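Novice:
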Amino acid sequence: MEQHTSYSVWDSLDSPDDFNLDIKLSPGLDSLPRIMPHFFVPTLEDKPQNPIMENLKLESMNTTMAPRAFRPVRLPQELMTLAMDIAPLGGTQPYSQSVEEMWRNAVVRKRGVKASMSGLLSWDRLRQSHLDAASLTPFLSEQGESVYASARNHVQPRLFYDLESTIYLTQRELFRSLKLTLLGVSSPYHVWDRAAEHFVPAGSKKFLCIDGKDEVISNRSVGSSEKHKLPLMYSSLIDRFLKIGALLRRLETFLSEVQSRSSKHGTTIHSLAHALSTIVDYLRETITKCPPSHDLLVSQDNSFPLLSVLAHYEPYESVLETLAELFGRDYDVLPANYPAHDLSPVSLLSRIYRHLNAQIERQSSIVVRATIAFLLTITSQEYFKEVAQSVGFGVRMADKALKTKSKLSGLYELDLEEDEEEEEDIFDLLDRIETSFPDFFPEKVLQALPAAQKSLVLLKIARPDHPILSKPANNSHIRWLWTAAEIAAAWDGLPLPPDSLAPPSIESRSCLSPTTASLSYKPELLGFRVFDLEPGDSATVPSMQLKSSSTSILERFMSNFPPALPSITPILSNLTSLVFKDLMTHSESLSSALLDVFIDSPGMLNFRSHLVILRSFLLVTDPSFRSRLLDALFSDAGEYTVNSTAHYLSVQSVRHRQKHSKFPKEVNQPWAVGLSPNLLERESWPPVGSDLSFFLRTVIVDSLEIGDDEEGGASQRDPVIKEAGWRLGFAIRDLPTGPGRDKWLDPLYYKPPHPMEVLISPDILSKYQRMFTFILRLLRVESALKSLFRMSSHRALADFLFPTLTRSRRLLLYFRFVSQAYVSSLSGYVFETAIGGNFDPFLARLSSSRPDSSAEGRGGEKRQFNDVFELAQSHSALLDNILTACLLRSGQRGVGDILRQSLELVLEFTIVIGELHRGRIQEFQAAPLMEELFSKFGLKMKTLTKVLRGLVDKNSATSTFPLPTHTEGDRRPTGGLEALYHLLIRIDIMDWWSKEPKSTH
């Protein structure tokens, strides 16, 4: 044989001791044998290789080689037991001869090997019990289960094998146990642990070893050292079964908690319990029918395809995992860590919807999506009914109409206390309405639904006989749409197909007995036909037999559930908008109906008529009321006088005069220039209480009587104007006092008819009152200036006012001029720009909101307001703009104080001149006071114009004078801050106050 030079990877080392250069062995270990290689790589010759010739040489060498001696390798005891008979092993035959004979017999028999095969034999084929029908493959992994498990156990023996903790069982016994565990019931091998809510091994044996499977496949280690900790788990065949059973048991526990909720939690919680109970029952019934069947378990067939059985339960595991995640009962969460969920309808439905939307986005299996969709559909049914009933959708709204209030017919026949007790507080009624909804409600529905609910309450009070309330109920209701047919019908406005979740209806009369079939029943009483049957007849009528159909409904729902949403509604939010389409249409029509009542009604509920009253009297824009108000409260007389006429004296004044037997001395009472002398006793401004009520008792009534004379009688007038006297708090006779009545004596109070308090709320009335108070101050200053002009006539200047001080006289005339210009400009701005510029466009919007006769039907109209609550907000915004234009908002306190202080300086100026005119002070005393007031007035006006210019420049939209603009025929309101440019133009058109005040010399 040719010698070859061999080369090994170990030859690169200097010596064998190089292995231990950096390793110092412990004493006693030096005698260990060195680890040397048992292979080498021969060096190839540097010549062309010829594999064919080399193979021929090798075959020749093997042919001429002497036979080798038989050296049998000792087989493991397990293989000896399987491969050879037990008798020879116990005899005297040597071991080597027995093994050699075994191999020779195998060659002769060729057991399990056909002539066409290679003749390769494994040790398993040597045993006498080997069947010819066995697999012909030589690979162990493709052998039978027992063979493969034995081989794995021999190759990879367990380091620790506690026979006391292991249970050996067959697959049949295992599946009998797991069929119980799948249903959440304890079995002989697994019991329910209430603390951890998991299935744990029964008894002390914690390992299961399946016949034909090793412990890696069949075992599930569940050892736990602490009571409330989850056990340590390894993946195994039975993990899925135990997980399904545990999750099913957890859902049943959660279901028991939900069912224990009382009725005060609402009907939605009971709908959830019904839906979840149906799903659990359906899963239990379906899992019971899953393989292996009962027939297979009791038969003698040993074929149990574990992997196919395991894969069969995968969809149910996914469904249970999804439900457990929804309710916070995940498999790896301990009961102590369960989250506390809010089970209110809004929160519950929102959570289920978000969970369904997440499953659709994840492209979960259709079984999972259908189950969550069924849960959402059933749970939301009762809540949708409540929402629909709250706006009268699908029901007859007149059935729940409130008691009609008796109308107020006159000023002298009012039983005010009785009416006050009968009327409910409209704001309390509206506050009871729920305004929170699940977050899957579309944005438009969230805006329209609360307004529609409140509109229904108001409409039942305002117009119980409205046609929309007496309209017959329809069968429309809100329901989820899932199939393509339902979605297409809803999209096209066609009738929807029958609801697949509706319970089966009672069969026709033909199924009943002849006697019963001949009877006629109303549709709503068909269910009572069963009581007319003869005893025992119900057993023969299929429709009368008691049978739970909830699981069949769920099964039908899942079979009809589409694999994907149609292209019309590709995502769940689009589907939700389609579901609420009819409800949205009904809500809009209901809000529009109430809006028509307040805008188009010619009676007491006409909002425009009430606005005219409020503007005429509380904003003092009616000429007749203004003249009488000026005559009652103010005076432009140039002389100090006290009117002692009984008509103008208050009750307190009469009692005071009777007590002291004489009127207070005039010399001790200051002259409030511009104010009526009859209001000086209280020494307060603005006048409030009984004094003002006494003086203004007949002002409104007298003002309204002018309309009677012009129109030919009160019968032709608007009923709102007829009742304006007592609604504004003034009447001819004394009004009763008591709780709820004192406000009627307040001259700044307005009592709108029921239920118009929504449009004229106390908050809005308070804004009117602030404007009324400001206007009274302005009118007082105007009256004081008129008195000043009378006191500073040519004769008075020559005789009384600064006869010797020419400079002071000139300053008086100049101060009088600028004061008059400022106050008149301010008054014109308040009434023309602030009030008229905002109020008139608002009234025009109300007129444009009325039905257009030229429009083709109601659908061709364009409403300025969507509902009465938007109208109320616009009314409040109108008053905000007026207050802002008059610098009366709380955020304008600084500049508002400057405006009021400038008016106070003008008023003090008139008082100083009045004291001089009365002779109470001398001209040398009045001159420095007047000069000081003029200096302060100039500084105030300079500051006021500077601040106004800053506000105008800050609002770039008003940096130039806005011309009157029209939008679709309507005049644009002047607004709040935008109107300040008009005020700046009026009081400082030529930068008068921006410059230094001119000298009066």
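Heads up, the sequence shown is in numbering that gives the first Met the number 0, so the first residue is 0 and it goes up one at a time.
Backbone N, C-alpha and C define an ideal beta-carbon position, used for all residues, glycine too.
On a predicted model such as this, the values are computed, not experimentally measured, just so you know.
1) Here's a check: name, in chain order, each residue in its chain whose Cβ is nearer than 7 Å to the Cβ of residue 496, leaving out the five neighbours to either side.
2) Helix, strand or coil, according to DSSP, for residue 556 in the structure here?
3) Thinking residue 432 and residue 452 are a contact (beta carbons under 8 Å), I'd like their distance in whole angstroms, please.
4) Give me the Cα-Cα distance between residue 840 and residue 935, rounded to the nearest whole angstrom.
5) Would you call the segment 307 to 324 and the segment 249 to 257 in contact, with 3 or more CB pairs under 8 Å?
6) Taking 8 Å as the CB-CB limit, is residue 985 close to chain D?
7) Excluding sequence positions up to five away, which residues of its chain have a Cβ less than 6 Å from the Cβ of residue 914?
8) Can you tell me whether residue 336 is buried or exposed, with buried defined as 16 or more other CB within 10 angstroms of its CB?
9) Quick check: the segment 972 to 984 against the segment 828 to 844, are at least 3 beta-carbon pairs closer than 8 Å?
10) If contacts are defined as beta-carbon pairs under 8 Å, then residue 387 and residue 246 qualify, I think. What distance do you get, rounded to the angstrom?
11) Closer than 7 Å by C-beta to residue 769: which residues in its own chain qualify, once you throw out the five before and the five after it? Chain order, please.
12) CB residue 608 to CB residue 720, shorter than 8 Å?
13) Is the beta carbon of residue 673 sitting closer than 8 Å to the one on residue 624?
14) Following the continuous alpha helix (DSSP H) through residue 1001, name the residue where it begins and the one where it ends.
15) Between the alpha carbons of residue 981 and residue 940, how many angstroms are there, rounded?
16) Sorted by chain position, which residues of the same chain lie with C-beta nearer than 6 Å to residue 776's C-beta, five sequence neighbours on each side aside?
17) In the DSSP assignment, find the unbroken beta strand (DSSP E) run with residue 167 in it and report its ends.
18) Alpha carbons only, please: which of 206, 203, 183 and 187 is nearest the one belonging to residue 197?
19) What do you reckon, are the CB atoms on residue 912 and residue 823 nearer than 8 Å?
20) If we count the other Cβ atoms within 10 Å of its Cβ and call it buried at 16 or more, is residue 67 buried or exposed?
21) At what residue ranges does the segment 336 to 366 contain a whole run of the alpha helix (DSSP H), taking only runs of 4 or more?
22) Going by C-alpha distance, which of 373, 441, 327 and 978 is nearest residue 559?
23) List the endpoints of the continuous beta strand (DSSP E) containing residue 189.
24) Which of the three DSSP states is assigned to residue 887 in this structure?
25) In or out: residue 866 buried (at least 16 other Cβ within 10 Å) or exposed?
26) When we look at the beta-carbon of residue 874 and count the other beta-carbons within 10 Å, is it buried (16 or more) or exposed?
27) Residue 344: which of 455, 877, 909 and 437 sits nearest, CA to CA?
28) Kindly identify the DSSP beta-bridge partner or partners of residue 273.
29) Please state whether DSSP places residue 293 in a helix, a strand or coil.
30) At what residues does the alpha helix (DSSP H) containing residue 612 begin and finish?
31) According to DSSP, which residues form a beta bridge with residue 200?
32) Can you tell me which of the three DSSP states residue 154 falls into?
33) Give me the DSSP bridge partner(s) of residue 633.
34) Under 8 Å by Cβ, that's how I've got residue 943 and residue 897 pegged, so tell me the actual separation to the nearest angstrom.
35) Is residue 727 helix, strand or coil by DSSP?
36) Once the 5 residues before and after residue 306 are set aside, which same chain residues still bring their CB inside 6 Å of it?
Specialist: Walking through what the data contain:
1) 484, 485 and 488
2) Three-state result, residue 556: helix.
3) 5 Å
4) Rounded to the nearest whole angstrom, the C-alpha separation of residue 840 and residue 935 is 38 Å.
5) With a cut-off of 8 Å, the segment 249 to 257 and the segment 307 to 324 count as touching, because enough Cβ pairs lie within range.
6) Any reference to chain D falls outside this structure, which holds one protein chain only.
7) Contacts found: 920.
8) exposed
9) Segments in contact, yes.
10) Their Cβ separation, rounded to whole angstroms, is 35 Å, which puts residue 387 and residue 246 out of contact at 8 Å.
11) 882 and 887
12) In this structure, residue 608 places its C-beta atom within 8 Å of the C-beta atom of residue 720.
13) no
14) Examination of residue 1001 is not possible in this model, given that the chain is present from 0 through 1000 alone.
15) 16 Å
16) For residue 776, where only same-chain residues beyond five positions count, there are no Cβ hits under 6 Å.
17) 165 to 168
18) 183
19) no
20) exposed
21) 344 to 360
22) 373
23) Per DSSP, residue 189 belongs to the beta strand (DSSP E) from 189 to 192.
24) Under the three-state reduction of DSSP, residue 887 is assigned to coil, being neither helix nor strand.
25) buried
26) Result: buried.
27) 437
28) BP columns for residue 273 are empty, so no partner.
29) helix
30) 606 to 612
31) 189
32) helix
33) 674
34) 5 Å
35) coil
36) none
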